[in-house]
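Some notes on the structure that comes next.
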Amino acid sequence: MRESNLEINSVPEHKTENLSTILTQIAKTVDCLIGDEDIYHVTRVAKLNKDSDRPRMVIAKLRSPRHRDAMLAAVAKFNKSNPKEKLSTQHLGMAGPTKPVFVSEHLPPAIKSLHAAARIKAKKEDYKFV
Numbered sequence: 001m002r003e004s005n006l007e008i009n010s011v012p013e014h015k016t017e018n019l020s021t022i023l024t025q026i027a028k029t030v031d032c033l034i035g036d037e038d039i040y041h042v043t044r045v046a047k048l049n050k051d052s053d054r055p056r057m058v059i060a061k062l063r064s065p066r067h068r069d070a071m072l073a074a075v076a077k078f079n080k081s082n083p084k085e086k087l088s089t090q091h092l093g094m095a096g097p098t099k100p101v102f103v104s105e106h107l108p109p110a111i112k113s114l115h116a117a118a119r120i121k122a123k124k125e126d127y128k129f130v
């Protein structure tokens, strides 16, 4: 169910936004060969914390897990090769202040909280990798 989904965070919300276009723009920016035919569905989901001022996250269902993995690898490669200018709203051509855009797997809530706890513990113990 989630095996071909991507989660995109920190993309500002606009009334006339086209999420499919945003996803293809991310793919072009990171040099990933994903076209409109590879995107099944893109939507924003409700916030877990209603009081948060962060934009709602975007969930994209791609054609296959292979397409999702290709996109994740391309984003990681882009961010690694551009450490001072990682993927941001500026790369997507969005007006306003430049904010980072995060692309990750769409994990279930329990796994997501476990991953967050592992990252916190790794930071506290001064690990380089999680």
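If you count the sequence shown from 1, position 118 lands on 118 in full-length UniProt numbering, and the numbers rise without skipping.
Glycine residues also receive a C-beta, built at the ideal position from the N, C-alpha and C atoms.
DSSP state of Asn5, grouped into three classes?
strand
Check whether Pro83 and Thr89 have beta carbons under 9 Å apart:
no
Coarse secondary structure for Lys61, derived from DSSP in three states
strand
Determine which residues share a DSSP beta bridge with Ile39 and list them.
Leu62
Would you report the Cα separation of Lys47 and Arg54, rounded to the nearest angstrom?
9 Å
Inter-residue Cα distance where the pair is Arg44 and Lys77
25 Å
Taking all protein chains shown into account, decide if Ala60 is buried (16 or more other Cβ within 10 angstroms of its Cβ) or exposed.
buried
Hey, how far is the Cα of Arg68 from the Cα of Ile120?
26 Å
First and last residue of the uninterrupted beta strand (DSSP E) at Ser113:
Taken as a continuous stretch (DSSP letters only), Ser113 belongs to no beta strand (DSSP E), being part of the alpha helix (DSSP H) at 109-124.
Take Ser104 and list the residues in its own chain whose beta-carbon comes closer than 6 Å to its own, dropping the five residues that flank it on each side.
Glu7
Starting from Glu20, trace the alpha helix (DSSP H) both ways and give me its first and last residue.
First, the residue type needs correcting, since residue 20 is Ser and not Glu in the sequence shown. 19-29 is the span of the alpha helix (DSSP H), which, as asked, contains Ser20.
Whole-angstrom distance between Arg2 and Ile111, CA atom to CA atom:
12 Å
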